[in-house]
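Engineer: For the sequence shown, the UniProt record's numbering gives the first residue as 1, with consecutive numbering after it.
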Amino acid sequence: MFRFTKTALNIAAQGARRVAVRHVSQNAAPDFHAKYGNMLLVSGVAFCVGVWTFVLTHTGITWNLSPVGKITPKEWRGVGGQDEEE
C-alpha cells in the first residue's frame, strides 16, 4: 500500500509542476505577439496575395467564369420530339 500511495503522490506532484511551468510560460506569449504580431500578419497577407497573383497571371488556367456567349440554345422540340405548332 505504501508504494501505491508514494506513486500516486509522485504523479500528483508531477502534474502540479507541469501546471506551474505552463503558467510561467504563458507570460511570454503577449511579448511575442506585441513584438511580431503585425509584422507576421502583413507578411502573411503579402505572401498570399503574391502567390495568388502568380497563379492568376502566369499559370494559364482558364477560369470559365461566365457561360454567356458560350452556350447556344437548341431548337425547341415538344413532347416525343414533335413540334407543338400543329
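C-beta: ideal position from N, C-alpha, C; glycine also.
Compare the C-alpha of Gly60 against each of Pro67, Trp52 and Ser66 and name the closest.
Structural biologist: Locating residue 60 in the sequence shown gives position 60, where the first residue counts as 1. For Gly60, the nearest C-alpha among the options comes from Trp52.
Engineer: Pull up the distance between the alpha-carbon of Thr56 and that of Thr62, whole angstroms please.
Structural biologist: As a working mapping, residue 56 is identified with position 56 in the sequence shown. As a working mapping, residue 62 is identified with position 62 in the sequence shown. Correcting the residue identity first, residue 56 is Leu in this sequence and not Thr. Distance between the alpha carbons of Leu56 and Thr62: 9 angstroms.
Engineer: I need the straight-line Cα distance from Lys35 to Gln14, nearest angstrom please.
Structural biologist: Position 35 of the sequence shown, counted from the first residue, corresponds to residue 35. Position 14 of the sequence shown, counted from the first residue, corresponds to residue 14. Lys35 and Gln14: Cα-Cα distance of roughly 33 angstroms.
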